[in-house]
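Same order as they appear, the protein sequences are chains A and B. Position 52, counted from 1, in the first sequence is what this note's numbering calls 52; the numbers after and before it change by one each time, with no gaps. For this note's numbering, count along the second sequence from 1 and bump the result up by 190.
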Amino acid sequence: MKIVIVDESPLRAAILEEGLREAGFTEVERLGEMHNLLRRIYAIDPDVILIDLANPSRDVLEQMFQVSRAVRRPVAMFVDQSDAASIEASVDAGVSAYIVDGLKKERIKSILDLCVSRFNAFSRLQDELARARSDLEERKSVDRAKGILMKSKNLTEEQAYTAMRSAAMREKKKIGEIARAIITAAELLK
Amino acid sequence: MTGERRLRIGFMPLVDAAALIVAVDRGFAKAEGLDVELVREASWSNIRDKLAIGRFDAAHLLTPMAIASTLGLGHVKVPFAAPVTLATNGNAITLSPSLFEELRQTAGKGLDSPAISARALGAVVRRREAQGLEPLTFGMTFPFSTHNYQLRYWMAEGGIDPDRDLRLVVLPPPFMVESLREGHVDGFCVGAPWNSVAVEAGLGVILHFGCEIFPHAPEKVLALRKSSIEADPPCVSALARAIVAAAKFVDETAARPEVATLLAKEERVGVDAELISRSLEGRLTVNGMGDQRQARDYLVIHRDGACRPSAEQAAWLYAQMLRWGQAPYSADHLSAAQGVMRADLYDCAIDEAPPPSPPIGAFAGPTFESDDVAAYLEAFSVGRKI
Chain A
1 MKIVIVDESP LRAAILEEGL REAGFTEVER LGEMHNLLRR IYAIDPDVIL IDLANPSRDV
61 LEQMFQVSRA VRRPVAMFVD QSDAASIEAS VDAGVSAYIV DGLKKERIKS ILDLCVSRFN
121 AFSRLQDELA RARSDLEERK SVDRAKGILM KSKNLTEEQA YTAMRSAAMR EKKKIGEIAR
181 AIITAAELLK
Chain B
191 MTGERRLRIG FMPLVDAAAL IVAVDRGFAK AEGLDVELVR EASWSNIRDK LAIGRFDAAH
251 LLTPMAIAST LGLGHVKVPF AAPVTLATNG NAITLSPSLF EELRQTAGKG LDSPAISARA
311 LGAVVRRREA QGLEPLTFGM TFPFSTHNYQ LRYWMAEGGI DPDRDLRLVV LPPPFMVESL
371 REGHVDGFCV GAPWNSVAVE AGLGVILHFG CEIFPHAPEK VLALRKSSIE ADPPCVSALA
431 RAIVAAAKFV DETAARPEVA TLLAKEERVG VDAELISRSL EGRLTVNGMG DQRQARDYLV
491 IHRDGACRPS AEQAAWLYAQ MLRWGQAPYS ADHLSAAQGV MRADLYDCAI DEAPPPSPPI
551 GAFAGPTFES DDVAAYLEAF SVGRKI
């Protein structure tokens, strides 16, 4: 079974491809470049097309239902109303599937379930990455602010940190915000 | 209604979503007891699917798409209905400067008449064919869209069969300008602000405003699932009132700077307020020399009864679908299509006698009567018959 993944995020497409290969689907092709999308899809002639919902090119795929002369077989979107839960899960995860008519429903369902779990895993990964990044940024600001206080007020590292922490508690703010305020103030007073 | 009713409404970042965006961002919805969350979407397909499965309570939708979904054309059948029209017209046909020049030289003069430009395009298409050149490619936003029908209608008047003589491809609006730059398309039909963006970038020349092809094209509606309309009529009325009040506000000249600023926000349409303001005024720069053209009906949000859906418009759109082989004819389909545009819901919500609906039609061709679609289609030399 030939599967095409249309995704502008190369990382997510790779994660999905890996999952599909593990599940035994070996003919997987990724399209990250949106130019000439339909022509390339016709050339590959896939049985299943998976596309992320943030991709404006989804409307391009809908044209497949119109220009029948260019398509070898009719392609229908997987919106079988009898399986609403699975469709809702895919929409919520941010992925949509287009499939050739006549494919076994169970096979399609297993592909779609795999997409949903990989897409969700990818979002979690991104959230974690974003959190890790902001934690790192905060630690950097706190270190810089500590340095500024130590130098300007002649404090030890511990005293500087305590001063910032009590300011944060007094003003009901995060220590990172206090640190950024100190850095801004120091830059203005330079 | 007790308490605030929460609604999630999807929209595409286009100027013709103005009434919806203003209804929410300037408190018209709140005044009707509605707490609306607007969700900006990336594709019409997403909007349709999210409305169909209930992730959206309502949506800014291409009028032909609301009809297609109701009839189950090209997709799953989910009946939608519209209590209010969000926009009439607003599209334009933009060409690459080189194709525009070729048309101008072919036509001699009078290129601003669509009848003349269509014949010139026909001549260019035949010349290219004789020279063995690649057929021209035009972009449009969706198969079920007024953009598609405007291009096809115009081309067919020039003796072109758009399915045989050239290529029509779907392109997401944000990709139109880039495709013109790369030479993947020779022209396109799209809504505001994308024609202006192409002109500003020096990549395109606006040939026609959509209203020069179809004077009153039912462009976008506020669509809801038919089942949810039946489930909560007071909510539908409140929403229609909020939209119509906002639409009225959008039409006021004095409000234009405020409206343009609201729409320009990144999370709404996200383009320059000046371009938005010009689209609302119908005053567009059409070429690299800075020439401007103005049309009162370039984009109509409220005046002349534009907000009131009309069954005749729906029937006319269904006839365009028939002409281009997108739908088979059936009397049931015709009446289901007419049932999408709900003047009764509008009248129930808006306590004000609307002016009569503007006539439906085009710059050339037969007049349309919904009780004789066959005769209408028979009158064209290009396109399918019943």
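Just so it is clear, CB atoms sit at the ideal spot from N, CA and C, and this is done for glycine as well. In this text the structure is predicted, and so the values were computed from the model without any measurement.
Buried or exposed by the 16-neighbour rule on C-beta atoms within 10 Å, applied to residue i
i: A/D7; result: buried
i: A/K104; result: exposed
i: A/I49; result: buried
i: B/Q321; result: exposed
i: B/D376; result: buried
i: B/I419; result: buried
i: B/N236; result: buried
i: A/A179; result: buried
i: B/A496; result: buried
i: A/N154; result: exposed
i: B/A444; result: exposed
i: B/R468; result: buried
i: B/T253; result: buried
i: A/E62; result: buried
i: A/K140; result: exposed
i: A/E18; result: exposed
i: B/F201; result: buried
i: B/P325; result: exposed
i: A/R12; result: buried
i: A/D59; result: buried
i: B/R354; result: exposed
i: B/M191; result: Model confidence at B/M191 stands at a pLDDT of 45, short of 50, so the residue's coordinates are unreliable; what they give is reported in the following sentence. B/M191 should be labelled exposed.
Within chain B, partners of residue i - CB distance below 8 Å
i: A/A225; result: The requested residue 225 of chain A is not part of the displayed model; chain A covers only 1 to 190.
i: A/F65; result: G264, H265, P333
i: A/A84; result: I243
Limits of the unbroken alpha helix (DSSP H) element including residue i
i: A/K151; result: 105–153
i: A/R180; result: 175–189
i: A/R12; result: 10–22
i: B/K438; result: 423–441
i: B/I550; result: Segment: none, B/I550 is in no alpha helix (DSSP H) and carries neither H nor E.
i: A/I44; result: 37–44
Start-to-end residues for the beta strand (DSSP E) that takes in residue i
i: B/C379; result: 377–381
i: B/P408; result: 408–415
i: A/S166; result: Element bounds for A/S166: not the beta strand (DSSP E) but the alpha helix (DSSP H), 157–170.
i: B/S233; result: Note, B/S233: premise wrong, no beta strand (DSSP E); not H, not E.
i: B/L252; result: 248–252
i: A/S96; result: 95–100
i: B/F201; result: 195–201
i: B/L393; result: Careful: B/L393 lies outside any beta strand (DSSP E) and carries neither H nor E.
i: B/V461; result: Note, B/V461: premise wrong, no beta strand (DSSP E); not H, not E.
i: B/I211; result: Premise fails: B/I211 lies in the alpha helix (DSSP H), 208–215, not in any beta strand (DSSP E).
i: A/K30; result: Per the sequence shown, residue 30 of chain A should be read as Arg rather than Lys. From DSSP, the beta strand (DSSP E) with A/R30 extends over 27–31.
i: A/V48; result: 48–52
Neighbouring residues, chain B, relative to residue i (Cβ below 9 Å)
i: A/M34; result: P362, F365
i: A/E88; result: I243, G244, R245
Partner residues on chain C for residue i, Cβ-Cβ distance less than 8 Å
i: A/V60; result: Chain labels in this structure do not include chain C; the protein chains are A and B.
Per-residue contacts from residue i into chain A (C-beta, under 8 Å)
i: B/H374; result: H35, N36
Neighbour list for residue i in chain A, Cβ cutoff strictly below 7 Å
i: B/K240; result: V91
i: B/S235; result: R58, D59, E62
7 Å Cβ cut-off: residues of chain B touching residue i
i: A/S57; result: P362
The ligand NAP heavy atom lying under 8 Å from the CB of residue i
i: A/L188; result: Questions concerning the ligand NAP fall outside what the structure shown contains, since it holds no ligand whatsoever.
Please go through the segment 256–315 of chain B and give each complete alpha helix (DSSP H) segment of 4 or more residues, from N-terminal end onward.
287–297
Cβ pair count under 8 Å reaching 3, the segment 355–372 of chain B against the segment 387–399 of chain B:
yes
Does the segment 258–273 of chain B touch the segment 348–364 of chain B, meaning 3 or more C-beta pairs lie closer than 8 Å?
no
Runs of 4 residues minimum, wholly inside the segment 466–530 of chain B: which ones carry the alpha helix (DSSP H) assignment?
501–513, 521–528
The segment 403–420 of chain B / the segment 329–340 of chain B touching (three or more Cβ pairs under 8 Å)
yes
Do the segment 209–224 of chain B and the segment 447–461 of chain B meet, that is, are 3 or more Cβ pairs less than 8 Å apart?
yes
Does the pairing of the segment 220–238 of chain B with the segment 295–311 of chain B give three or more beta-carbon distances under 8 Å?
no
Three CB pairs or more closer than 8 Å across the segment 530–538 of chain B and the segment 552–564 of chain B
no
Check whether the segment 238–252 of chain B touches the segment 86–101 of chain A, taking contact to mean three or more Cβ pairs, one atom from each stretch, closer than 8 Å.
yes
Three Cβ pairs or more, each shorter than 8 Å: is that satisfied between the segment 203–212 of chain B and the segment 379–389 of chain B?
yes
As an exercise, report each continuous beta strand (DSSP E) stretch of at least 3 residues that is fully enclosed by the segment 308–368 of chain B, in chain order.
327–330, 357–360
Any contact of the segment 567–574 of chain B with the segment 534–541 of chain B, i.e. 3+ C-beta pairs under 8 Å?
no
The segment 139–146 of chain A contacting the segment 169–183 of chain A, beta-carbon criterion three pairs below 8 Å:
yes
Does the pairing of the segment 286–295 of chain B with the segment 342–357 of chain B give three or more beta-carbon distances under 8 Å?
no
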